[in-house]
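Below is one structure; the comments refer to it alone.
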Amino acid sequence: MIHTQATQDVIRRLAVVGSGLAGLTAARKLVAAGVDVTLFEKSRGPGGRMASKRLTDPADSSADIGAQYFTIRNPAFLDFLTEHAGTGCWGQWDGRFRYQGADNGWQNMRPAERYVGIPRMSAITRALSAGLDVRTGVRIACLERDTDELWQLRDTEGAVHRGYDAVLLTPPPAQTVDLLNDSGLASLADDFNIQISRMQACWTVMAYFPDGAGADFEALMPNSRVLNWAANNSSKPGREDQGEWWVLHGDPDWSDAHTEADPDQVADRLVKEFRHFGAIEAMPGTVRVHRWLYARPKARTGPGQLWFERERIAIAGDWLDGGRVEGAFNSADSLVKRLASLGVLPDSP
Ligand SMILES: Cc1cc2nc3c(=O)[nH]c(=O)nc-3n(C[C@H](O)[C@H](O)[C@H](O)COP(=O)(O)OP(=O)(O)OC[C@H]3O[C@@H](n4cnc5c(N)ncnc54)[C@H](O)[C@@H]3O)c2cc1C
1 MIHTQATQDV IRRLAVVGSG LAGLTAARKL VAAGVDVTLF EKSRGPGGRM ASKRLTDPAD
61 SSADIGAQYF TIRNPAFLDF LTEHAGTGCW GQWDGRFRYQ GADNGWQNMR PAERYVGIPR
121 MSAITRALSA GLDVRTGVRI ACLERDTDEL WQLRDTEGAV HRGYDAVLLT PPPAQTVDLL
181 NDSGLASLAD DFNIQISRMQ ACWTVMAYFP DGAGADFEAL MPNSRVLNWA ANNSSKPGRE
241 DQGEWWVLHG DPDWSDAHTE ADPDQVADRL VKEFRHFGAI EAMPGTVRVH RWLYARPKAR
301 TGPGQLWFER ERIAIAGDWL DGGRVEGAFN SADSLVKRLA SLGVLPDSP
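In the UniProt record's numbering, the protein residues as written are 1 to 349.
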């Protein structure tokens with residue numbers, strides 16, 4: 001079949017794969033520009049790496065297991081959050097943030113505006129998903145052309161979702177490359193694969209201290225080859241925990257080297273490092289473990305976002321723009337601006 005474009009001009013229906021911040025940002029802006037948007041998300045809820053884990057022991061707790069906090073340098077991000085998520089589900093997290101300098105002496109991080117979701121990180125993406133057509137629990141396996149040369153998305157259960165003028169992919173790079181390869185679009189993957197660095201893993205431990213850990217800091221970044229970050233999740237605004245939930249993140253290189261390690265051993269190791277570097281005497285009660293295979297980019301990121309005009313496929317995500325929460329917003333924001341400038345959106349956003 002001769003390859004023709006579905007519609008040379010306007011994108012009326014668009015599918016977004018992934019409902020992390022990049023997917024949700026793009027979706028809200030595209031809906032505002034008159035596009036009919038459907039999001040497909042493999043997990044049970046939206047949010048991606050702005051994830052919070054519900055914890056039952058003790059009851060009714062949660063801990064932020066992905067992004068710990070975010071910064072807002074781009075005024076457009078502030079405007080977007082205020083307009084689309086409101087002001088009740090996020091706020092500033094003040095605390096004593098310590099890091100170890102080159103001489104191993106402890107330093108206080110400079111005061112900064114650090115934001116978190118309230119009462120949990122995922123409250124933000126939950127608010128941003130309101131009113132959008134988000135199909136959760138649907139893992140997209142590949143993209144295909146239908147007989148009208150429109151895109152159809154086949155999920156891993158074999159269901160087919162039809163009739164899209166364009167598709168936006170927002171999963172981390174390895175998963176995006178897999179999707180393109182499985183869709184006969186390996187040439188697109190080749191096109192950007194060399195421009196980006198791969199994502200590193202992150203072992204995450206949630207440790208509950210019923211009587212508090214007794215720390216004189218809220219977050220710690222030690223000179224450890226094992227432990228990258230420890231934070232008192234219960235010190236974030238809006239958490240009403242009786243004791244303290246601490247979130248410990250493994251060092252990226254260490255996590256990469258131990259992706260197949262026994263989770264119990266990982267937990268023991270990270271708790272031991274935390275107690276050592278934080279001079280913590282208390283022992284945790286409940287301990288839970290989560291493994292991120294794709295957490296943060298190793299180094300270089302770019303070029304912001306991608307739009308393949310001929311195929312009508314867009315790619316956005318933090319890994320194309322700095323690798324952080326704000327980068328996910330910036331990537332999606334610049335993608336929608338680019339589409340608007342090309343005149344392929346029904347209305348101006
Ligand atoms: C451990 C950790 C700590 C972090 N700490 C910070 C921090 O302190 N500050 C900061 O700014 N950033 C931090 N980050 C990074 C931040 O979380 C990300 O930059 C941001 O959340 C990425 O958003 P995104 O939308 O680009 O990608 P994601 O949030 O990864 O969204 C992609 C979505 O695609 C879905 N998906 C993937 N494949 C498919 C498929 N085939 N079908 C359907 N859905 C699919 C995924 O389930 C996911 O929901 C951290 C991340 C991790 C993991």
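Even for Gly, the Cβ is constructed at its ideal location relative to N, Cα and C.
These figures come from a predicted structure and were not determined experimentally.
{"Query": "Ligand 1 heavy atom lying under 7 angstroms from the CB of residue 204", "Result": "yes"}
{"Query": "Ligand 2 heavy atom lying under 7 angstroms from the CB of residue 305", "Result": "Ligand 2 is absent from the structure shown, which contains only ligand 1."}
{"Query": "Of the listed residues 299, 273, 268, 278, nearest to residue 286 (C-alpha basis)", "Result": "268"}
{"Query": "Residues bridged to residue 228 (per DSSP)", "Result": "According to DSSP, residue 228 bridges with nothing at all."}
{"Query": "Short CB-CB distance (under 8 angstroms) between residue 224 and chain C", "Result": "Protein chains in the displayed structure number just one, and chain C is not present."}
{"Query": "C-beta contact flag for residue 218 and residue 96 at 8 angstroms", "Result": "yes"}
{"Query": "At least 3 beta-carbon pairs within less than 8 angstroms: the region 250-268 vs the region 309-328", "Result": "no"}
{"Query": "Sequence-distant residues of its chain with Cβ nearer than 6 angstroms to residue 135 (five each side left out)", "Result": "40"}
{"Query": "With 16 other Cβ atoms within 10 Å as the buried cut-off, status of residue 326", "Result": "buried"}
{"Query": "Residue 64 vs residue 344 beta-carbon contact at 8 angstroms", "Result": "no"}
{"Query": "Residue 232, buried or exposed, once every other Cβ within 10 Å from all chains shown has been counted against 16", "Result": "buried"}
{"Query": "Spatial distance of residue 377 from residue 115 (CA atoms)", "Result": "Outside the modelled stretch of the chain, which goes from 1 to 349, sits residue 377, for which no answer is possible."}
{"Query": "Collapsed DSSP secondary structure at residue 344 in the structure displayed", "Result": "coil"}
{"Query": "Residue 170 CB to nearest heavy atom of ligand 1 below 7 angstroms", "Result": "yes"}
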